[in-house]
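Participant: In my numbering, the protein residues as written are 959 to 1171. Here a beta-carbon is modelled for each residue, glycine too, at the ideal position from N, C-alpha and C.
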């Protein structure tokens, strides 16, 4: 598998892995050609339910599924993670993308708790992008994630990139006591050193005041 700057770009099967759905047309054509060459395309085309104990079917299914897996980028793979049937995985990737709801890819990945995807996206972003990119409600990815019970590891990933995100949470919003409590509950789980190194003093004071209320 070829890499560049830590990001997966290609495999021996396709010149470029499936990145979300942006390159699906070319990707699917190339992967179909590969599956046909491996004599496993019939697994994808088949509409019948083969017996589970059919060793030939199982081997073909595994070959096709493996090829699909290693030809997907992190976001695309997250759509089929856990699917064990190659045809179902192929059909899932062929589905049209849902209409966006005013959230960026980072918002969606972070709110879903996909740390590996968040890490990859954050690495490619500028520090200021993390503060400037907001959803239709004006929430940064960090604020939106905390509001829906974020994983501390996901929050830490974004804070490590730009600690101004925390200050932005207070400057851009007037959160309710319930939302503020979620923020406190999230960051209180972070190691003390990370809190002191990454959270501005003004934010720490606000957290402390809330805890004492």
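What is the DSSP secondary structure of residue 1098, counted as helix, strand or coil?
Facilitator: By one-based count along the chain shown, residue 1098 stands at place 140. Three-state result, residue 1098: strand.
Participant: Would you kindly report the start and end of the unbroken alpha helix (DSSP H) that includes residue 1024?
Facilitator: Translated into the one-based positions of the chain shown, residue 1024 becomes position 66. Its alpha helix (DSSP H) spans residues 1013-1028.
Participant: Should the segment 1089-1101 be regarded as contacting the segment 1035-1055, the criterion being three or more beta carbon pairs within less than 8 Å?
Facilitator: Output reads no: the segment 1035-1055 does not touch the segment 1089-1101.
Participant: Beta-carbon within less than 8 Å of residue 989's beta-carbon, same chain only, minus the 5 sequence neighbours each way: which residues are those?
Facilitator: Working through the chain shown from its first residue, we reach residue 989 at position 31. Hits under 8 Å: 971, 972, 1025, 1026, 1029.
Participant: List the endpoints of the continuous alpha helix (DSSP H) containing residue 988.
Facilitator: Here residue 988 is taken as the residue at index 30 of the chain shown, counted from 1. Where residue 988 is concerned, the enclosing alpha helix (DSSP H) stretches over 982-995.
Participant: Would residue 1035 be called buried (16 or more neighbouring beta carbons within 10 Å of its own) or exposed?
Facilitator: The residue you call residue 1035 lines up with position 77 of the chain shown. Looking at its Cβ environment, which holds 16 or more other Cβ atoms inside 10 Å, residue 1035 is buried.
Participant: Name the one or two DSSP bridge partners that residue 1092 has.
Facilitator: Residue numbering aside, residue 1092 sits at position 134 when the chain shown is read from its first letter. Beta-bridge pairing links residue 1092 to 1098.
Participant: What do you reckon, are the CB atoms on residue 1079 and residue 1120 nearer than 8 Å?
Facilitator: As a first step, residue 1079 is located in the chain shown; it is residue number 121 there, counting from the start. As a first step, residue 1120 is located in the chain shown; it is residue number 162 there, counting from the start. Going by C-beta atoms, residue 1079 is not nearer than 8 Å to residue 1120.
Participant: What does the alpha-carbon distance come out to for the pair residue 1012 and residue 1041?
Facilitator: By one-based count along the chain shown, residue 1012 stands at place 54. By one-based count along the chain shown, residue 1041 stands at place 83. Roughly 19 Å between the two C-alpha positions.
Participant: Can you grab the Cα-Cα spacing for the pair residue 1043 / residue 1019, in whole Å?
Facilitator: Taking the first residue of the chain shown as 1, we reach residue 1043 at position 85. Taking the first residue of the chain shown as 1, we reach residue 1019 at position 61. Taking the straight line from one Cα to the other gives about 7 Å.
Participant: Quick check: what's the CA-CA separation for residue 1046 versus residue 1112?
Facilitator: Indexing the chain shown from 1 puts residue 1046 at position 88. Indexing the chain shown from 1 puts residue 1112 at position 154. So the alpha carbons of these two residues sit roughly 29 Å apart.
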